[in-house]
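The first sequence lines up with residues 164 to 444 when you count with the working numbering. This report concerns only the one structure given below.
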Amino acid sequence: MPELPEVETVRAILEKRVVGKTVRDVLIRYEKIIKNTSSEEFAARLKGAKLTDISRRGKYLLFIFDKAILLSHLRMEGKYLLAADNPYSKHEHVVFFFTDGSELRYHDMRKFGTMHLFETTDLISVMESEPLKKMGLEPFDDRLTPDYLAGKIANSKRSVKSILLDQTIISGLGNIYVDEVLFLSRIHPAAPGGTLDRASLKLLIENVRIVLNKAIAYGGTTVKSFQATDEVSGRFQNYLMVHTKAECPSCHRPVSKIRVAGRGTYLCEHCQIKPAGADYL
DNA sequence: CGCATTCCCTGGGTGC
DNA sequence: TGCACCCAGGGAATGC
């Protein structure tokens, strides 16, 4: 499941491989991927558009063309395929044909991914429109501080896992990395946000950055069907501490799998302690 | 308003 | 082997 490190890995690869190309045509094989316009308008707008840059906001990829901006969210299983002289698979939903004869295919087994096309080249206005408008701070933004988090979750009974997964607070974290961050921070995933003190919030922010930096350095996590592209796999799965693990790397007790914030959650019940005085669970 | 639940999808796993 | 069933989950929509 692509989270920030996986999206960033895809972004970097596509930047090298497709920036500078011009769209000759677009084929939409599954219309529901396109969210804010018709398939016809989508294809017509991109015909003749030159890709000048690829950016990222949270888990969204931003394809910056010279006459439009395309947002792409990979959700669970979306990926881009660069080599494409074979017949279409049933999971290839959008195909970009470039004037140099190459193709970029969007592949999404679960059809959960989304695309939004904006008929502007003004990045600021796109950032201020849905769906990016409500995005929270990037994890590496200097404005992400314990005070910022405290302001968002003061007295909140929501679980800290739910808070970290909330894209309107911090953008880019998903299930895997939240489990890892909470393990490193020795905080229980179900701990209510309001019970966390400033030191805990500071620790969480530090560990968010440590985990994401390491995951980006290793090219993301290859899990189940996720690969960065058809030819690149991430390696961070080899460095996971608790997510999908059977044994705690710290105390060697069994790792528990429970449900928090509607997500399968891995934790060490021994190492990830509840805040003092918490009476939940 | 805040938080929880439902929905969108399909491959993989399970039980019979 | 086949079939019914359930599960995984990010984010929008809906519900309380």
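In this text, a Cβ means the ideal position worked out from N, Cα and C, and glycines have one as well. As the structure is a computational prediction, the values presented were derived from the model and not from experiment.
Starting from the Cα of residue i, find the closest Cα among the options and give me that residue.
{"i": "Ile332", "options": "Arg273, Ala317 and Leu312", "result": "Leu312"}
{"i": "His433", "options": "Phe346, Glu282 and Leu167", "result": "Phe346"}
{"i": "Ile339", "options": "Asp285, Ala424, Ala354 and Tyr429", "result": "Tyr429"}
{"i": "Glu203", "options": "Val257, Val323, Leu237 and Ile227", "result": "Val257"}
{"i": "Leu244", "options": "Gln330, Arg174, Ile326 and Leu234", "result": "Arg174"}
{"i": "Gly383", "options": "Ile368, Leu367, Leu364 and Leu403", "result": "Leu403"}
{"i": "Arg306", "options": "Thr284, Arg321, Lys242 and Ser334", "result": "Ser334"}
{"i": "Leu366", "options": "Arg192, Val323, Arg398 and Tyr381", "result": "Val323"}
{"i": "Arg422", "options": "Ala353, Arg192 and Leu364", "result": "Ala353"}
{"i": "Val189", "options": "Leu233, Thr284, Thr172 and Glu178", "result": "Leu233"}
{"i": "Ser363", "options": "Leu328, Asp285 and Thr308", "result": "Thr308"}
{"i": "Phe260", "options": "Ala317, Ile191, Ile316 and Leu327", "result": "Ile191"}
{"i": "Arg220", "options": "His254, Asp310, Asp304 and Asp360", "result": "Asp304"}
{"i": "Thr284", "options": "Gln330, Leu225 and Ala317", "result": "Leu225"}
{"i": "Thr172", "options": "Ile379, Phe399 and Arg398", "result": "Ile379"}
{"i": "Asp360", "options": "His254, Ile316, Asn249 and Leu336", "result": "Ile316"}
{"i": "Asp310", "options": "Ile368, His254 and Gln330", "result": "Ile368"}
When we look at the beta-carbon of residue i and count the other beta-carbons within 10 Å, is it buried (16 or more) or exposed?
{"i": "His415", "result": "exposed"}
{"i": "Phe389", "result": "Because the pLDDT at Phe389 is just 39, under 50, the model does not fix this residue reliably, and the value given afterwards should be weighed accordingly. Label assigned to Phe389: buried."}
{"i": "Thr358", "result": "buried"}
{"i": "Lys222", "result": "buried"}
{"i": "Pro165", "result": "buried"}
{"i": "Ser252", "result": "exposed"}
{"i": "Glu293", "result": "exposed"}
{"i": "Gly314", "result": "exposed"}
{"i": "Lys377", "result": "exposed"}
{"i": "Asp342", "result": "buried"}
{"i": "Lys242", "result": "buried"}
{"i": "Glu282", "result": "exposed"}
{"i": "Arg208", "result": "buried"}
{"i": "Ala206", "result": "buried"}
{"i": "Asn370", "result": "buried"}
{"i": "Arg268", "result": "buried"}
{"i": "Glu291", "result": "exposed"}
{"i": "Ser288", "result": "exposed"}
To which residues of the same chain is residue i closer than 7 angstroms at the C-beta, ignoring the five residues directly before and after it?
{"i": "Ile436", "result": "Arg349 and His351"}
{"i": "His236", "result": "Lys222, Tyr223, Gly276 and Thr277"}
{"i": "Ser325", "result": "Ala424"}
{"i": "Lys198", "result": "Thr277, Met278 and His279"}
{"i": "Thr407", "result": "Tyr429"}
{"i": "Gly397", "result": "Glu169, Thr172, Tyr381, Gly382, Gly383, Thr384, Thr385 and Ala391"}
{"i": "Gln330", "result": "Gly221, Met298 and Gly299"}
With a CB to CB cut of under 6 angstroms and the five nearest residues on each side skipped, what residues in its chain are close to residue i?
{"i": "Arg426", "result": "Asn338"}
{"i": "Ser162", "result": "Lying outside 164 to 444, the shown extent of the chain, residue 162 is not represented and no answer is given."}
{"i": "Glu169", "result": "Gly383"}
{"i": "Glu240", "result": "Asp271, Met272, Arg273 and Ser388"}
{"i": "Arg238", "result": "Phe275 and Gly276"}
{"i": "Thr200", "result": "Leu280"}
{"i": "Val374", "result": "Tyr340, Glu343 and Val344"}
{"i": "Glu178", "result": "Ile217"}
{"i": "Leu295", "result": "Arg220"}
{"i": "Glu255", "result": "Arg268 and His270"}
Go through its chain and collect everything with a Cβ distance to residue i's Cβ below 8 angstroms, but skip five positions before and after it.
{"i": "Lys195", "result": "Lys274"}
{"i": "Cys431", "result": "Phe346, Val405, Cys411, Ser413, Cys414, Arg416, Val418 and Ser419"}
{"i": "Ile212", "result": "Correcting the residue type first, residue 212 is Ala in the shown sequence and not Ile. Counting only Cβ-Cβ distances below 8 angstroms, and skipping sequence neighbours, we find Thr185, Val186, Phe228, Asp229, Lys230 and Ala231."}
{"i": "Asn401", "result": "Tyr381"}
{"i": "Lys210", "result": "Val186, Arg187, Asp188 and Val189"}
{"i": "Leu286", "result": "Ser218, Leu225, Ile227 and Ile232"}
Fill in: Meets three-Cβ-pair contact criterion under 8 angstroms: the segment 291-302 and the segment 257-264
no
Worksheet item: Should the segment 211-223 be called in touch with the segment 173-183, which here means at least 3 C-beta pairs below 8 angstroms?
Response: yes
Worksheet entry | Ordered list of beta strand (DSSP E) runs contained in the segment 295-321, each at least 3 residues | none
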